[in-house]
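Visitor: Sequential numbering from 42 applies to the sequence shown in this note's numbering.
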Amino acid sequence: MSEITSQLSEPPLSSGGPEMLATPPSVPRRLRLWPGVAIIAIQWAAVKTIGLLTHGTTTEFMSMMIGPMIGGVAILLWWLFASRLRWIDRLLIPTALALFIGSILLIGDPSIGMFSIILYTIPLVFTSWIVWLVVSYPLNWPIRRAGLLLILMLECGYFTLIRFDGVTGAFAADINWRWVPSKEQEFLAERAAPVVSNDTPKDAKPLELQAGDWPCFRGPNRDNRLTGVKIPTDWDKNPPKLLWRHKVGPGWGSFAVVGKHLYTQEQWDQNEAVVCYDADTGKMIWFREDKARFTEPVAGPGPRATPTFHEGKLYTMGAAGKLSSFDAASGREIWSQDILANSDAKVPQWGFSASPLIMQGIVMVFAGGPSKSVVAYDAATGKFAWGAGEGKLSYSSLQRAVVDGVEQALMLTGDGLTAFQPKDGAILWDYVWPIEGMARCIQPAILGDADILIGTAFGNGTRRLRLAHKDGKWETKEVWTSKAINPYFNDFVLHRDHMYGFSGEFFTCLNLDKGKAKWKERGYGSGQVLLLADQDLLLIVSEQGEAALVDPIPNEYKERAKFQAIVGKTWNHPVIAHGRLYLRNGEEAACYQLTELK
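(1) Smallest Cα separation from Ala606: which of Glu337, Lys282, Ile159 and Thr459?
(2) Who pairs with Tyr598 in a beta bridge, going by DSSP?
(3) Roughly how many angstroms separate the alpha carbons of Asp554 and Ala486, rounded to a whole number?
(4) Which term fits Glu516, buried or exposed, when burial requires 16 or more other beta carbons within 10 angstroms of its beta carbon?
(5) Assign Asp512 to buried or exposed, taking buried as 16 or more other Cβ atoms, counted over all protein chains shown, within 10 Å of its Cβ.
(6) Assuming Pro493 contacts Thr503 under a Cβ cut-off of 8 Å, what Cβ separation, rounded to an integer in Å, is found between them?
(7) Residues bridged to His351 by DSSP?
(8) Any idea what DSSP makes of Pro65, helix, strand or coil?
(9) Rounded to a whole number of angstroms, what is the C-alpha to C-alpha distance between Trp521 and Trp170?
(10) Identify every residue that forms a DSSP beta bridge with Thr459.
(11) Would a C-beta distance cut-off of 8 Å place Ala320 and Val298 closer than the cut-off?
(12) What does DSSP give as the partner residues of Leu571 in its beta bridges?
(13) Let me check one thing: in DSSP terms, what residues is Lys282 bridge-paired to?
(14) Hey, quick one: how far does the beta strand (DSSP E) through Trp427 stretch, first residue to last?
(15) Is it true that the region 326-337 meets the region 397-416, where meeting means three or more beta-carbon pairs spaced less than 8 Å apart?
(16) Which same chain residues, not among the five before or five after Leu117, have their C-beta less than 7 Å away from its C-beta?
(17) Using three-state DSSP, classify Glu101 as helix, strand or coil.
(18) Give every residue of the same chain whose Cβ lies closer than 7 Å to the Cβ of Pro164, excluding the five residues on either side of it in the sequence, and list them in chain order.
(19) Using DSSP's beta-bridge definition, name the partner residues of Gly502.
(20) Is the region 209-221 touching the region 307-322 in the sense that three or more CB pairs, one from each, lie closer than 8 Å?
(21) Just the C-alpha distance for Asn383 and Lys224, rounded to the nearest angstrom, thanks.
(22) Provide the residue span of the alpha helix (DSSP H) that contains Tyr199, from first to last.
(23) With a threshold of 8 Å between beta carbons, is Lys224 in contact with chain D?
(24) Keeping to the same chain, check which residues put their C-beta closer than 6 Å to that of Ala630; ignore five residues upstream and five downstream.
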């Protein structure tokens with residue numbers, strides 16, 4: 042340590058004559074390096090410690106974003122004002138670094154924006170800066186300076202050669218060389234010649250809902266709960282049979298299934314597409330395109346919402362704010378509305394994600410506009426009906442509920458939970474539970490006749506509410522709040538007095554009586570879960586595209602089977618309809634036959 046310190050301090054004065062007492066002007070002063078080493082060490086220690094202590098919370102995420110920024114500013118301040126170098130060197134390195142980072146934004150792939158630079162480029166560059174100066178301390182300053190400039194140039198140059206394809210639920214980057222075709226480009230190359238006409242099928246008959254259909258987001262009740270179905274659980278002897286599999290355009294919604302019609306939304310280059318596939322073969326029946334493209338650095342491009350089937354029509358919500366109605370059999374557009382124009386809202390950071398909800402002849406979606414948190418339209422004509430509510434941040438969808446015989450539409454936002462009267466938008470009750478600067482992403486869950494569960498990510502926990510309705514007035518009461526489970530965009534299911542769902546990277550079982558965790562298990566990343574209630578069975582789809590069967594047993598975690606179903610980051614909800622498992626992500630879709638048990 043004494044040797045390093047001596048190297049990083051000013052050279053000692055010579056004991057020779059007066060002519061040797063002053064350092065010659067041509068010899069640079071020694072770099073004071075220890076503050077830079079301390080800054081980087083403290084930065085990484087703080088970020089890692091916070092990550093371990095507050096995993097899955099806002100604090101962890103903010104430390105990942107703010108830590109490198111604070112560390113970078115501290116490094117620059119030390120370099121400029123406390124490094125003891127000549128001013129030409131103090132100014133040269135930051136100026137060169139600014140030019141190098143500017144080149145990333147100028148000539149780099151469009152996916153490399155400020156989000157990825159802050160989260161990944163800055164920590165790498167500033168850490169390498171200090172590491173090089175430490176390992177090169179025996180060398181003379183011109184060589185160290187040249188080496189530092191070369192390292193900074195090469196590292197920033199690397200970021201001009203790559204493409205940022207989003208992150209996992211744990212914020213691990215998906216990075217690829219920019220000249221390697223993306224999954225979207227591979228898909229577009231394959232569908233260069235459309236396999237079907239976009240003309241309306243002449244023999245299309247109106248569709249009707251059938252038993253076993255999956256008409257909307259998370260099923261008929263939007264709770265990912267399936268009844269009346271049992272499947273084999275020994276997948277070694279009776280594995281799911283692949284019926285079809287093919288590439289799809291990017292998108293983060295799920296499927297709606299009506300008979301042999303399979304509906305979803307995809308990004309096709311500069312157009313958003315509503316697509317109807319044959320559920321038996323995966324072949325396209327019809328498609329409709331609209332000029333719109335939404336993309337952001339975490340998930341990438343594509344629509345976020347799931348289509349909704351209702352009384353022969355299909356309702357879709359685009360990521361940029363277009364709400365549309367189609368004839369479900371033919372794909373003929375009936376009407377469309379721009380919810381931005383009706384709400385004075387702006388496209389949210391991660392895109393509009395609300396799957397349309399139809400109640401009492403009204404179709405409703407979240408908008409987030411001033412005093413128009415929710416906007417509603419006549420389901421038949423598309424005529425604007427009402428806008429109400431104050432919540433401005435949400436990626437949830439409206440949820441139907443019936444409490445004390447009163448039908449209502451629940452909307453979960455960053456402000457809390459609001460109940461609307463579907464016909465006119467009158468607010469029945471409003472439960473305030475604000476989370477500053479954050480949006481809630483999942484569905485409120487109805488428990489029994491009067492209780493509701495609100496899940497919130499980043500350490501805010503899950504809350505159980507109890508509603509009371511007397512003399513026309515509504516009252517809400519907190520039963521408990523548990524930080525044992527913090528759902529983000531991964532919806533949970535309820536079964537036999539327990540809650541099963543994701544809390545960060547842990548799949549967790551929670552007792553609903555007291556809100557106490559029973560067990561938690563890693564292994565599925567940020568996946569999704571579906572409940573086969575009659576069989577006491579959970580189907581979990583992992584973030585890596587694996588399908589697994591897990592017993593919902595409160596006293597222990599037990600996985601029965603698992604197999605790789607699709608490839609790629611899978612945040613989309615699974616669907617089981619008519620004895621088949623339908624899966625998709627931003628790259629591909631697949632259908633597996635699940636032999637039903639009699």
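All residues carry an ideal CB built from backbone N, CA and C; glycine is no exception.
Guide: Checking against the coordinates, here is how it stands:
(1) As a position in the sequence shown, residue 606 is number 565, starting the count at 1. With respect to the C-alpha of Ala606, the residue from Glu337, Lys282, Ile159 and Thr459 having the closest C-alpha is Lys282.
(2) Your numbering for residue 598 matches position 557 in the sequence shown. Its beta-bridge partners do not exist; DSSP assigns none.
(3) As a working mapping, residue 554 is identified with position 513 in the sequence shown. As a working mapping, residue 486 is identified with position 445 in the sequence shown. Straight through space, the alpha carbons of Ala486 and Asp554 are spaced by roughly 15 Å.
(4) Against the sequence shown, residue 516 aligns to sequence position 475. Result: exposed.
(5) In the sequence shown, residue 512 corresponds to position 471, counting from 1. Asp512 should be labelled exposed.
(6) In the sequence shown, the residue the question calls residue 493 occupies position 452. In the sequence shown, the residue the question calls residue 503 occupies position 462. The question names Pro, but residue 493 in the sequence shown is Ile. About 11 Å separates the two Cβ atoms, so there is no contact after all.
(7) Position 310 of the sequence shown holds residue 351. Paired residues: Lys354.
(8) Position 24 of the sequence shown, counted from the first residue, corresponds to residue 65. Here the model assigns Pro65 a pLDDT of 46, short of 50, so the residue's position is not dependable, and the following value carries that caveat. The answer is coil: DSSP assigns Pro65 none of H, G, I, E or B.
(9) The residue labelled residue 521 in the question sits at position 480 within the sequence shown. The residue labelled residue 170 in the question sits at position 129 within the sequence shown. Their backbone Cα atoms lie some 49 Å apart in a straight line.
(10) Stepping through the sequence shown from its first residue, residue 459 is reached at position 418. Beta-bridge pairing links Thr459 to Met452 and Asp471.
(11) Position 279 of the sequence shown, counted from the start, is the residue given in the question as residue 320. Position 257 of the sequence shown, counted from the start, is the residue given in the question as residue 298. By the CB criterion at 8 Å, Ala320 and Val298 fall inside the cutoff.
(12) By one-based count along the sequence shown, residue 571 stands at place 530. In the DSSP output, where bridge partners are listed per residue, Leu571 has Leu580.
(13) Counting from one through the sequence shown, the residue named residue 282 turns up at place 241. Looking at the DSSP assignment, Lys282 forms a beta bridge with Gln634.
(14) Translated into the one-based positions of the sequence shown, residue 427 becomes position 386. Phe425 to Ala429 is the span of the beta strand (DSSP E), which, as asked, contains Trp427.
(15) no
(16) One-based indexing of the sequence shown puts residue 117 at position 76. Pro135.
(17) Looking up residue 101 in the sequence shown gives position 60. Reduced to three states, the DSSP call for Glu101 is helix.
(18) Working through the sequence shown from its first residue, we reach residue 164 at position 123. Pro109, listed in sequence order.
(19) On the sequence shown, position 461 is the one that residue 502 refers to. DSSP lists Thr497 as partners of Gly502.
(20) no
(21) For the purposes of this step, residue 383 is taken as the residue at position 342 of the sequence shown. For the purposes of this step, residue 224 is taken as the residue at position 183 of the sequence shown. Each residue's alpha carbon lies about 35 Å from the other.
(22) For the purposes of this step, residue 199 is identified with residue 158 of the sequence shown, where counting begins at 1. Per DSSP, Tyr199 belongs to the alpha helix (DSSP H) from Trp182 to Thr201.
(23) Absent from the structure: chain D. Only one protein chain is present.
(24) Residue numbering aside, residue 630 sits at position 589 when the sequence shown is read from its first letter. So the qualifying residues of the chain are Val289.
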